[in-house]
Amino acid sequence: MRTIALLLLLGGVPAAAPRLNVLFIAADDLNNDLGCYGHPLVKSPNLDRLAKMGTRFDRAYCQFPLCSPSRSSIMTGLRPDQTKVFDLSYHFRKGLPDVVTLSQLFKNAGAPAVRVGKIYHYGNPGDIGTSGLDDKESWTEVHNPSGRDKAIEKQILNHTPKRGLGSAMCWLEDVEGKDEEHTDGKVATETIRLLEKHKGGPFFIAAGFYKPHTPYVAPKKYFDLYPPASIQVPEAGEKPLAPAAASTGPWPNFGVTEQEARDCKRAYYATISFMDAQVGRVMEALDRLKLWENTVVVFWSDHGYLLGEHGLWMKQSLFEESARVPLLIVAPGAKGKGKACGRTVELVDVYPTLADLAGLAAPKDLAGASLRPLLNDPAAPWERPAFTQVQRGGFPGYSVRTERWRYAEWDDGAKGVELYDHASDPREARNLAADPAHAAVVAELKALVKRNWPTRVVGGK
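In terms of the numbering used here, the sequence shown has 414 at position 414, counting the first letter as 1, and numbering is strictly consecutive.
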């Protein structure tokens, strides 16, 4: 690192100087349907390689399964009740004008903090090409690419025409377009250029990909990876509690036909493979520039995504498929290389982890904890559960996840309570909350919810 070498010649490195680079890679609306997480169908060779190079967190959870609240949490290291971000319009700076965000911490230490694409919220696809609901204080430089997928929106097939493209069951198989012409291809190209520019380090480069968020648009070759006959949509089963079912209306599957749902699921998988290929291009640049030895690479998604489980699509529920996220961390020198970690961790843990690895003093009020012990020993003791919340119909839903259990309550239990045993019911099909045999478990987990949310904030700003 040229900057640090020069400072050494001048008499030492200031304590605030980051000792490692950070490449911070985000996907939009990506669930855990990846090869490295054991999915039998999805082709994700580059993320699979990344998982083998670092630590794969098998029980990682978002704080709020909606774009802006989740992204605000990971970037501030605070929970939604602290940021007051519960929707897609409120900005955390209104209530926390002096908060130091993750990238801002590196920026304040003298490293370039550069954003390419979507890190904070902006409407996808409506705000592509703009800065959306960005945070100027977080960056020294920003880039907002817009590609072919945006230009050919009129060709998209929308099975739910009353819904805008950003929340619709809609897709397009691009027969003519090339990877580099699409928005995510441009994100990769610009990220590679920035790695070349800042290879001397230290740097914080954030690459925010837009897929697999709907509309599910990708070049044809990625659709070809998934024969239509290979795609199955799960049976809806019993209708979930009203707050959860409200996230998909009409229930089930937004009212589309089974074939339309299968087409959308195939397109979703195609966009995963397309996004994975762009991550692969960035990884090839890290290879070529020999940056792995001094760069922490984090790959994450803002929340999970339902593909017909419980009859639901997309997000904004407290089910596992909505709250769980992929989280891969490659840290130079970490001893957990190529291993999986089964501890329950949260996206708010990423901020203190990167500060710890880079040798920077993190703010004292962060909600999470450094994952460094788990990067060295994925089986190390870890007594922290994961908390996820959401709001439906003007009232909150709160959930706690331990390594075995998920417990959720809606409107302090007035709108329903859920308990699922992941040891025997990983699909959360049997609600055990009313079973007297599990009363002690319910009481224990309810106490955790009350301790994490001692006061309940509903849309408060």
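Ideal Cβ positions, reconstructed from N, Cα and C, are used throughout, including at glycine.
With DSSP collapsed to three states, give me the class of K199.
Numbered from its first residue, the sequence shown carries residue 199 at position 199. Reduced to three states, the DSSP call for K199 is coil.
Quick one: residues in its chain with C-beta nearer than 7 Å to the C-beta of L157, no 5 flanking neighbours on either side, listed in chain order?
Within the sequence shown, residue 157 is the residue found at index 157, counting from 1. Answer for L157: C170, W171 and L172, listed in chain order.
I'd like the span of the alpha helix (DSSP H) that includes Y268, first residue to last.
For the purposes of this step, residue 268 is taken as residue 268 along the sequence shown, with counting starting at 1. Residues E258 to L289.
Spell out a yes or no on whether the stretch 353–362 and the stretch 93–113 are touching, meaning 3 or more CB-CB pairs, one atom from each, closer than 8 Å.
yes
Using only the heavy atoms of the ligand GTP, determine whether one of them is closer than 6 Å to the beta carbon of G38.
Questions concerning the ligand GTP fall outside what the structure shown contains, since it holds no ligand whatsoever.
For L371 and Q259, what's the separation of their Cα atoms in angstroms?
Taking the first residue of the sequence shown as 1, we reach residue 371 at position 371. Taking the first residue of the sequence shown as 1, we reach residue 259 at position 259. Counting only the Cα atoms, Q259 lies some 42 Å from L371.
Given a threshold of 16 other Cβ atoms within 10 Å of its Cβ, counted over all protein chains shown, does K450 qualify as buried or as exposed?
Here the question's residue 450 lines up with position 450 in the sequence shown. Under this definition K450 is an exposed residue.
Enumerated in chain order, which unbroken segments of the beta strand (DSSP E) with a length of 3 residues or greater are wholly contained in the stretch 341–394?
Listed in chain order, they are 386–392.
Can you name the start and end residues of the alpha helix (DSSP H) that N46 belongs to?
In the sequence shown, residue 46 corresponds to position 46, counting from 1. N46 -> alpha helix (DSSP H) spans P45 to M53.
What are the residues that DSSP puts in a beta bridge with I329?
The sequence position of residue 329 within the sequence shown is 329, counting from 1. Partner(s): T55 and V298.
Check K335 in the structure and name its three-state DSSP category.
Translated into the one-based positions of the sequence shown, residue 335 becomes position 335. Residue state, collapsed to three classes: coil.
Tell me the DSSP secondary structure of H303 in three-state form.
Looking up residue 303 in the sequence shown gives position 303. Coil.
Can you name the start and end residues of the alpha helix (DSSP H) that A437 belongs to?
As a first step, residue 437 must be located in the sequence shown, where it is residue number 437. A437 -> no alpha helix (DSSP H), and no H or E assigned at all.
Whole angstroms are fine: how far does the CA of E137 sit from the CA of A109?
To locate residue 109, count along the sequence shown from 1; it is residue 109. To locate residue 137, count along the sequence shown from 1; it is residue 137. Using only the alpha carbons, I get a separation of about 13 Å.
Please identify the residue among A111, L328 and E153 whose C-alpha is closest to the C-alpha of I128.
If you number the sequence shown from 1, residue 128 lands on position 128. Of the candidates A111, L328 and E153, the one whose C-alpha sits nearest the C-alpha of I128 is E153.
Label G460 either buried or exposed according to how many other C-beta atoms from any shown protein chain fall within 10 Å of its C-beta, with 16 as the threshold for buried.
Numbered from 1 along the sequence shown, position 460 holds the residue referred to as residue 460. Note that G460 scores 45 on pLDDT, short of 50, meaning its location in the model is unreliable and no value can be drawn from it.
When burial is assigned at 16 or more other CB atoms within 10 Å of the CB, is S435 buried or exposed?
Within the sequence shown, numbered from 1, the residue matching residue 435 stands at position 435. Looking at the sequence itself, residue 435 is Asp, so the reference to Ser does not match. It counts as exposed.
Would you mind giving the Cβ-Cβ distance between V350 and L78, rounded to the nearest angstrom? I have them listed as a contact below 8 Å.
By 1-based counting over the sequence shown, the position of residue 350 is 350. By 1-based counting over the sequence shown, the position of residue 78 is 78. The Cβ separation is near 12 Å, so there is no contact.
Can you list, in chain order, the residues of its chain with a C-beta nearer than 8 Å to that of K315? Leave out the 5 residues immediately preceding and following it.
On the sequence shown, position 315 is the one that residue 315 refers to. Answer for K315: D29, P65, L66, S247, H303, G304, Y305, L306 and S322, listed in chain order.
Does the stretch 261–269 come into contact with the stretch 203–222, if we say contact requires no fewer than three beta-carbon pairs (one atom in each stretch) closer than 8 Å?
yes
Count the other CB atoms, across all protein chains shown, that sit within 10 Å of the CB of V175; report buried if there are 16 or more and exposed otherwise.
As a working mapping, residue 175 is identified with position 175 in the sequence shown. Label assigned to V175: exposed.
Rounded to whole angstroms, what's the CA-CA distance from S73 to H91? Just pull it up for me.
For this step, residue 73 is matched to residue 73 along the sequence shown. For this step, residue 91 is matched to residue 91 along the sequence shown. Going by the C-alpha atoms only, they are around 11 Å apart.
So, using beta-carbon positions, are R401 and A423 closer together than 7 Å?
Residue mapping note: residue 401 aligns to position 401 of the sequence shown, counting from 1. Residue mapping note: residue 423 aligns to position 423 of the sequence shown, counting from 1. It is not a contact, given that the beta carbons lie outside the stated cut-off.
Alpha carbon to alpha carbon, how far is A443 from V330? Give it in angstroms, no decimals.
Numbered from 1 along the sequence shown, position 330 holds the residue referred to as residue 330. Numbered from 1 along the sequence shown, position 443 holds the residue referred to as residue 443. Between V330 and A443, the C-alpha separation is close to 38 Å.
Compute the Euclidean distance between the alpha carbons of D334 and V187, then round it to the nearest angstrom.
Locating residue 334 in the sequence shown gives position 334, counting from the first residue. Locating residue 187 in the sequence shown gives position 187, counting from the first residue. In the sequence on display, residue 334 carries Ala and not Asp. Rounded to whole angstroms, A334 to V187 spans 28 Å at the Cα level.
For L6, which residues in the same chain have their Cβ closer than 8 Å to its Cβ, ignoring the five residues on either side in sequence?
Counted from its first residue, the sequence shown places residue 6 at position 6. Because the pLDDT at L6 is just 33, under 50, the model does not fix this residue reliably, and the point stays unresolved.
Can you give me the C-alpha to C-alpha distance between L291 and D276, rounded to a whole angstrom?
The residue you call residue 291 lines up with position 291 of the sequence shown. The residue you call residue 276 lines up with position 276 of the sequence shown. L291 and D276: Cα-Cα distance of roughly 20 Å.
Beta strand (DSSP E) containing A27: first to last residue?
Locating residue 27 in the sequence shown gives position 27, where the first residue counts as 1. Looking at the DSSP string, the run of the beta strand (DSSP E) that includes A27 is N21 to D28.
Less than 7 Å between C-beta atoms, sequence neighbours within five positions excluded: which residues of the same chain meet that for A429?
Looking up residue 429 in the sequence shown gives position 429. The answer, listed in chain order, is G237.
Please classify A245: does DSSP put it in a helix, a strand, or coil?
In the sequence shown, counting from the first residue as 1, residue 245 sits at position 245. The answer is helix: DSSP assigns A245 an H, G or I state.
Around the C-beta of R193, are 16 or more other C-beta atoms found within 10 angstroms, so that it is buried, or is it exposed?
Counting from 1 along the sequence shown, the entry for residue 193 is found at position 193. Counting Cβ neighbours within 10 Å, R193 comes out exposed, since fewer than 16 surround it.
Figure out for me which residue from D184, Y120 and G368 has the closest Cα to the Cα of G147.
As a position in the sequence shown, residue 147 is number 147, starting the count at 1. Considering only alpha carbons, the answer is D184.
Once you ignore the five residues that flank W410 on each side, which residues in its own chain have a CB closer than 6 Å to its CB?
Here residue 410 refers to the residue found at position 410 of the sequence shown. Taken in chain order, the residues that qualify are P243, G397 and G416.
From the DSSP secondary-structure annotation, give me the bridge partner or partners of D174.
Within the sequence shown, numbered from 1, the residue matching residue 174 stands at position 174. Looking at the DSSP assignment, D174 forms a beta bridge with P219.
With a cut-off of 8 Å, do at least 3 Cβ pairs link the stretch 339–346 to the stretch 294–303?
no
In terms of DSSP beta bridges, what is G117 paired with?
As a first step, residue 117 must be located in the sequence shown, where it is residue number 117. Answer is G208.
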